[in-house]
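Those sequence lines, one after another, are chains A and B. Using the numbering used here, read the first sequence as starting at 2 and increasing by one per residue. Using the numbering used here, read the second sequence as starting at 2 and increasing by one per residue.
There are 2 protein chains.
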Amino acid sequence: MDLFEKTIGTEHIFEGQIIKVRKDTVELPNGGTSTREIVEHPGGVAVVALDEEDNVYVVRQYRHPFEAIIMEIPAGKLDHHKEDPFGCCVRELKEETGLSANKFDYLGAFMLSPGFCREYIHIYLARELTAGDACLDPDEFLEVEKIPLSRLTDMIMNNEIEDAKTVMGILKTNELLRREQLK
Amino acid sequence: MDLFEKTIGTEHIFEGQIIKVRKDTVELPNGGTSTREIVEHPGGVAVVALDEEDNVYVVRQYRHPFEAIIMEIPAGKLDHHKEDPFGCCVRELKEETGLSANKFDYLGAFMLSPGFCREYIHIYLARELTAGDACLDPDEFLEVEKIPLSRLTDMIMNNEIEDAKTVMGILKTNELLRREQLK
Chain A
2 MDLFEKTIGT EHIFEGQIIK VRKDTVELPN GGTSTREIVE HPGGVAVVAL DEEDNVYVVR
62 QYRHPFEAII MEIPAGKLDH HKEDPFGCCV RELKEETGLS ANKFDYLGAF MLSPGFCREY
122 IHIYLARELT AGDACLDPDE FLEVEKIPLS RLTDMIMNNE IEDAKTVMGI LKTNELLRRE
182 QLK
Chain B
2 MDLFEKTIGT EHIFEGQIIK VRKDTVELPN GGTSTREIVE HPGGVAVVAL DEEDNVYVVR
62 QYRHPFEAII MEIPAGKLDH HKEDPFGCCV RELKEETGLS ANKFDYLGAF MLSPGFCREY
122 IHIYLARELT AGDACLDPDE FLEVEKIPLS RLTDMIMNNE IEDAKTVMGI LKTNELLRRE
182 QLK
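What follows is the structure in structure tokens.
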């Protein structure tokens, strides 16, 4: 079966500082037409920073869409679509927690809402950490905390952690550590 | 530290069929102001349908934002903000795969992009499956496939699966099965 859709028209709706919104008209596999509302976003990075005692650094910050303070692994937006994700990861980890890391593993790139949003997030595991001073942007407000990896995993299984990048980062880290131990 | 932001203005940008976009002006914890671009979305559900031989049902479909065919667990949008997620899960599983299930576990609700998007996805694990006829919407085109859970897990660890709800659903299912076996 041919599943592809062909774009036959584009209406630009909004160009913001972070997102762009457009509405495409597409030709469906059966020859009919439909519209697709698309959000463009530069994408971002997130990082599981794991210390020698198996603690993970998390940040708490206010997230306006949910009007709530949410616990997440450190993360940030790419400055633009072509920024190197690894460089962004090193920068965001330092800005938000003050940490540098000597060892990184790539945990993958993830589409968060592929139905309407062209946003990718790249997640890294950072180990062999060195503490330093955080250097937040002047309009960034957050609190840093260290939580044992096993406790974070229990919180995920108890549905106490709802942030997708944090769930993916922690569960992929657990699976990666299991596989490293089997080697 | 007080992390909250107070909304002092709202500009409505776009009201589409799926998403709404607005721009809020907020007062920051330090007294300054900033703007927040917010996408509203009704939210959705996704389901890990696991058969007696530990195979998982996945669907392949074209996703316009990435102009690519993507493999995902079955999923769908809530009809509106107040639709019951579990009812939506049962309906979407039947529509996309023809399956009914006798046993469901709730794997949680997840914020996909809490920085700018008010979208929640609810994920369920469905077991004790019964086959039946799929009944796709007339403008829905997808292919269904069964893949062993262990193979999907390997694909996730090899960064071959990029869809966030699929990664979260499969890794939480693995952890839930491990914990069930320890009981």
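Note that the Cβ used here is the ideal one computed from N, Cα and C, for glycine as well. Small disclaimer: the values here were computed from a predicted structure and weren't measured.
For A/P149, the beta-bridge partners assigned by DSSP are A/N56. Close partners of B/H65 in chain A (Cβ separation under 7 Å): E6, D25, V27, R37 and I39. In terms of beta-carbon proximity, A/T154 lines the interface with chain B, with at least one pair separated by less than 9 Å. For the region 101-112 of chain B, the set of positions with a beta-carbon nearer than 9 Å to some beta-carbon of chain A reads Y107, L108, G109, A110, F111 and M112 in chain order. Spatial neighbours of A/C136 in its own chain (CB-CB distance under 6 Å, excluding positions within 5 residues in sequence) are listed in chain order as E96. According to the DSSP secondary-structure assignment, A/H123 is paired through a beta bridge with A/V46 and A/A110.
Beta-bridge annotation (DSSP): A/R128 is paired with A/K104.
For B/Y125 against B/G44, the beta-carbon gap comes to about 14 Å, at or over 8 Å, which does not count as contact. Taking CB atoms only, B/N175 has a neighbour in chain A less than 9 Å away. A distance below 8 Å between beta-carbons, with the five flanking residues on each side excluded, links A/D85 to no residue of its chain. For A/E129, the nearest beta carbon of chain B is not closer than 9 Å to its own beta carbon. Close to B/A135, with beta-carbon spacing below 8 Å, lies no residue of chain A; the smallest spacing is near 13 Å. Within chain B, the residues K173, E176, L177 and R180 have their CB atoms less than 8 Å from the CB of A/M158, given in chain order. One alpha carbon belongs to B/D164, the other to A/K173, and they sit about 14 Å apart.
Here B/N175 has L150 and T154 as same chain residues with Cβ atoms under 8 Å from its own Cβ, once five neighbours each way along the sequence are excluded. Assignment of A/E93 by DSSP, reduced to helix, strand and coil, places it in the helix class. A/P66 places its beta carbon 9 Å or farther from that of B/G133.
With its beta carbon less than 9 Å from one in chain A, B/C118 belongs to the interface. Residue environment analysis places B/I39 among the buried positions, since at least 16 neighbouring C-beta atoms fall within 10 angstroms of its C-beta. For A/I74, the three-state secondary structure derived from DSSP is coil. Fewer than three pairs of CB atoms, one per stretch, sit closer than 8 Å, so the region 77-93 of chain B makes no contact with the region 4-24 of chain A.
Assignment of B/K173 by DSSP, reduced to helix, strand and coil, places it in the helix class. Here DSSP, grouped into helix, strand and coil, assigns B/H82 to coil. Taking all protein chains shown into account, B/H82 has fewer than 16 neighbouring C-beta atoms within 10 Å of its C-beta and is therefore exposed. Non-local beta-carbon contacts of A/I19 in its own chain, meaning distances under 8 Å to residues more than five positions away in sequence, involve H42, P43 and K78 in chain order. The Cβ atoms of A/E146 and A/Y63 lie no closer than 9 Å to each other. Between the alpha carbons of A/V27 and A/L130 lies a distance of about 48 Å. A distance of 9 Å or more separates the beta carbons of A/S114 and B/L94.
In chain B, no part has a C-beta under 9 Å from the C-beta of A/E97; the shortest such distance is about 13 Å.
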